[in-house]
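Protein chains in written order, with our numbering: chain X, 46 to 293; chain P, 25 to 135; chain W, 13 to 217.
Structure, as structure tokens:
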Amino acid sequence: MKSSIDWQIAMLTAVKPETPWVKSFTFSLPDWYRHKAGQHYDVRLTAEDGYQAQRSYSIASEPEREGEIDLTVERIKDGEVSTYFHDVLEPGDKVELRGPIGGYFVWEVGLLPEPLLLIAGGSGVVPLMAMLRHKAASHSKNPTHLLYSSRTFEDVIYFQELEKLNANGSGLKVFHTLTRGHPQGWKGFTRRLDAAMVQEVISPLGSGVQAFLCGPTRMVESAANALVELGLPAMQVRTERFGPSGPG
Amino acid sequence: MEEVALDLNHELMLDANAVAGTLFDIFGVEMTASPTECAHCGNEDDMGTLLAFTQGPGIVLRCSACGQVILRIVKTSDSVLLDARGAVYLRIMNPKPQPEGIPGENDSLGG
Amino acid sequence: MAEQFVSRGFVGKRRQGDQSKRLPPGQYLTDDFPVLSAGPTPRIALDKWVFTVDGLLKKKVEWTWQDFLKLPMQSFLVDISCVTKWTHLDMRWEGVSLDTLMEYIELDPKAMYVTASGHGGYTTNLPLTDIINAQAFIALKYDGRDLSPDHGGPARMVVPHLYFWKSAKWIRGLTFMEEDKRGFWESAGYHNHGDPWQEERYSSW
Numbered sequence: 046m047k048s049s050i051d052w053q054i055a056m057l058t059a060v061k062p063e064t065p066w067v068k069s070f071t072f073s074l075p076d077w078y079r080h081k082a083g084q085h086y087d088v089r090l091t092a093e094d095g096y097q098a099q100r101s102y103s104i105a106s107e108p109e110r111e112g113e114i115d116l117t118v119e120r121i122k123d124g125e126v127s128t129y130f131h132d133v134l135e136p137g138d139k140v141e142l143r144g145p146i147g148g149y150f151v152w153e154v155g156l157l158p159e160p161l162l163l164i165a166g167g168s169g170v171v172p173l174m175a176m177l178r179h180k181a182a183s184h185s186k187n188p189t190h191l192l193y194s195s196r197t198f199e200d201v202i203y204f205q206e207l208e209k210l211n212a213n214g215s216g217l218k219v220f221h222t223l224t225r226g227h228p229q230g231w232k233g234f235t236r237r238l239d240a241a242m243v244q245e246v247i248s249p250l251g252s253g254v255q256a257f258l259c260g261p262t263r264m265v266e267s268a269a270n271a272l273v274e275l276g277l278p279a280m281q282v283r284t285e286r287f288g289p290s291g292p293g
Numbered sequence: 025m026e027e028v029a030l031d032l033n034h035e036l037m038l039d040a041n042a043v044a045g046t047l048f049d050i051f052g053v054e055m056t057a058s059p060t061e062c063a064h065c066g067n068e069d070d071m072g073t074l075l076a077f078t079q080g081p082g083i084v085l086r087c088s089a090c091g092q093v094i095l096r097i098v099k100t101s102d103s104v105l106l107d108a109r110g111a112v113y114l115r116i117m118n119p120k121p122q123p124e125g126i127p128g129e130n131d132s133l134g135g
Numbered sequence: 013m014a015e016q017f018v019s020r021g022f023v024g025k026r027r028q029g030d031q032s033k034r035l036p037p038g039q040y041l042t043d044d045f046p047v048l049s050a051g052p053t054p055r056i057a058l059d060k061w062v063f064t065v066d067g068l069l070k071k072k073v074e075w076t077w078q079d080f081l082k083l084p085m086q087s088f089l090v091d092i093s094c095v096t097k098w099t100h101l102d103m104r105w106e107g108v109s110l111d112t113l114m115e116y117i118e119l120d121p122k123a124m125y126v127t128a129s130g131h132g133g134y135t136t137n138l139p140l141t142d143i144i145n146a147q148a149f150i151a152l153k154y155d156g157r158d159l160s161p162d163h164g165g166p167a168r169m170v171v172p173h174l175y176f177w178k179s180a181k182w183i184r185g186l187t188f189m190e191e192d193k194r195g196f197w198e199s200a201g202y203h204n205h206g207d208p209w210q211e212e213r214y215s216s217w
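Shown next, in the form of structure tokens:
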């Protein structure tokens, strides 16, 4: 009897560029299991001589999309696996993966319309995007604020889609901050995430907020500290540290 | 505000959900939403909150409250060694009964 | 049993080159210096740094940072092999040879083993015979620069002829003992000795 955690060979069916360094890869899975937003898949690459490299990538797509998943991967210079994804993989190729994995950093639309605070740094937005896509697919209207930190406007992943979700009356509001330069006419924040920014974004949500933070370790810790200082109980803050800049 | 020099070792520190797959390999079920108690300071929390050091000869999971080692996992060529002295207990949920081989309809492991 | 699936076009970061004679079995070459750790980087103020040698000695000996800097420093060009399979050739270090430190201590004849301790609780054990006769040093610089905290700075031990987990980062002392006592990784499944040329990676049961 198969377990959803066994390795399986998935087929790449589509590649979509998101930013100059980020692409989304759609995989069709022979054994697709309905995941929860926030979970990830482990990917394993094997060379002819048996050498293996393994990484975890958060699922970007919503559980409502059956039979396939999207993994959004940032190309890390010198990254062993991410460069393979970006430079070698083509639709029709097969990749070994297993999942969905994770029981802690997950969110499902529930009976209660709890307010959600999502804080993302760089490619940390990926699991949070799965949550937003799941929210949209379930037509949930719970108040949700996304605070998303990127280097420049070019680096913002899913910008158009976030604008659409922002506007569609689902209770989502997106706050962007650009830390290394912004275009003329930019209306968002223009500095590194700090306590004042976090407070501005969380205050309108009131109490009972559930927070999910994902991104580079340092950013996640600074945001988590800010939330705890603002009085959010530690139990309501869940973090996924991505390492220095994504899984590589 | 002074910029602290990037401490790569600190940046490489992850949450235990990064090793959720490894924990599943050992225990046969999803562990990151299960609680554990630190033998050093008594802090009790879900395993997903443990700090994971994965860049080394083995995986080290540390208590997020006091920093002491809770679990050490070493994968050898033919086995996995688990040192759980740092945990007062680990809670391994019973695997959910799965209907026979109908992919796509089984519960995911999220629990 | 099903054959392992092979990923089309995947090679990975390693290279073999013509250095293969210097490569221990099962290792691959790298030019990187990966940061490896079992715990967070300890922050040690230099004015509080002390290196202590104790245990089966006539008398405990301590050096402050200032004292340590007065010791004769040497350059070391060595190959380093980590049990995680990377080998980096010709790594340049500067520091104090353990033979220099041994001149300042009087060993009890029963002392056969040493435990190296690092800040943050890390320990590793070695036979005395593996740290004398130009086989080990305390490194203060790597590649011409002060050793960064990520890599064990301000000072770490380096024992190039054994797997790199025997080179304790953030070193704070050596304890000489009559009996061998397994350290952090040795008590978690790794080999007690750790010779890369014999591929002594794991404990054998």
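Where a beta carbon is used, it is the ideal one built from N, C-alpha and C, also for glycine.
For Val-18/W, a Cβ of chain X is located within less than 9 Å of the residue's own Cβ. Look at Phe-220/X here: in three-state DSSP terms it is strand. For Tyr-214/W, no CB of chain X lies under 9 Å from its own CB, so it is not counted at the interface with that chain. Around the C-beta of Val-47/W, 16 or more other C-beta atoms lie within 10 Å, and the residue is accordingly described as buried.
Closest in C-alpha terms to Lys-122/W, from the list Trp-182/W, Leu-140/W, Tyr-116/W and Asp-111/W, comes Leu-140/W. Annotation: the stretch 68-137 of chain X contains the following complete segments of the alpha helix (DSSP H) (minimum length 4 residues), in chain order: 125-132. A Cβ-Cβ separation of about 6 Å places Thr-64/X in contact with Glu-199/X under the 8 Å criterion.
DSSP lists no bridge partner for Lys-25/W. A direct Cα-to-Cα measurement between Val-126/X and Gln-84/X gives close to 19 Å.
Pro-46, Val-47, Leu-48, Ser-49, Ala-50, Gly-51, Pro-52 and Thr-53: these are the residues of the stretch 45-76 of chain W whose beta carbon lies less than 8 Å from some beta carbon of chain P, given in chain order. Of all alpha-carbon atoms in Arg-55/W, Trp-197/W and Phe-88/W, the one lying nearest the alpha-carbon of Asp-102/W is that of Phe-88/W.
Taking CB atoms only, Asn-41/P has a neighbour in chain X less than 9 Å away.
Within the stretch 158-177 of chain W, Pro-161, Asp-162 and Trp-177 place their CB atoms closer than 7 Å to a CB of chain P, listed in sequence order. Interface with chain X (9 Å Cβ-Cβ cutoff): Gly-132/W is excluded. Judged by DSSP secondary structure, Phe-48/P falls within the alpha helix (DSSP H) whose first and last residues are 44-51.
Residue Gly-38/W holds the alpha-carbon nearest to the alpha-carbon of Pro-208/W among Gly-38/W, Phe-22/W, Arg-20/W and Lys-33/W. Cβ neighbours of Thr-136/W within its own chain (closer than 6 Å, five residues either side excluded): Ala-128, Lys-178, Ala-180 and Gly-195.
Under DSSP, Tyr-40/W shares a beta bridge with Trp-98/W. If you look at Trp-77/W, you'll find it in the alpha helix (DSSP H) that goes 77-81.
Residue Pro-81/P holds the alpha-carbon nearest to the alpha-carbon of Ser-101/P among Leu-32/P, Gly-72/P, Pro-81/P and Phe-48/P.
Counting other Cβ atoms within 10 Å of its Cβ, Arg-213/W reaches 16 or more and is therefore classed as buried. A contact is defined here as three or more CB-CB pairs under 8 Å, and the stretch 66-83 of chain W meets this definition with respect to the stretch 181-189 of chain W.
DSSP places Thr-141/W within a helical segment (H, G or I) once states are collapsed to three. Around the beta-carbon of Leu-275/X, fewer than 16 other beta-carbon atoms lie within 10 Å, marking it exposed. Gly-66/P places its beta carbon 9 Å or farther from that of Ala-44/P.
Closest in alpha carbon position to His-64/P, among Thr-46/P, Glu-54/P, Ile-50/P and Cys-87/P, is Cys-87/P. Distance check between Gly-214/X and each of Thr-224/X, Ala-82/X, Glu-266/X and His-190/X places His-190/X closest, using alpha-carbon atoms only.
Residue range 240-247 is occupied by the alpha helix (DSSP H) that includes Val-243/X.
Look at Met-37/P: its C-beta is under 9 Å from a C-beta on chain W.
The stretch 159-175 of chain W and the stretch 37-51 of chain P do not touch, with fewer than 3 CB-CB distances between them shorter than 8 Å. Leu-177/X places its beta carbon less than 9 Å from that of Leu-163/X.
In the structure shown, the three-state DSSP call for Leu-258/X is strand.
Just so you know, the alpha carbons of Trp-197/W and His-131/W end up roughly 15 Å apart.
Secondary structure note for Lys-209/X: its alpha helix (DSSP H) is the uninterrupted segment 204-212. When the beta-carbon positions are compared, Ala-50/W and Leu-110/W stay at least 9 Å from each other. Straight-line spacing of the CA atoms in Phe-176/W and His-221/X works out to 44 Å.
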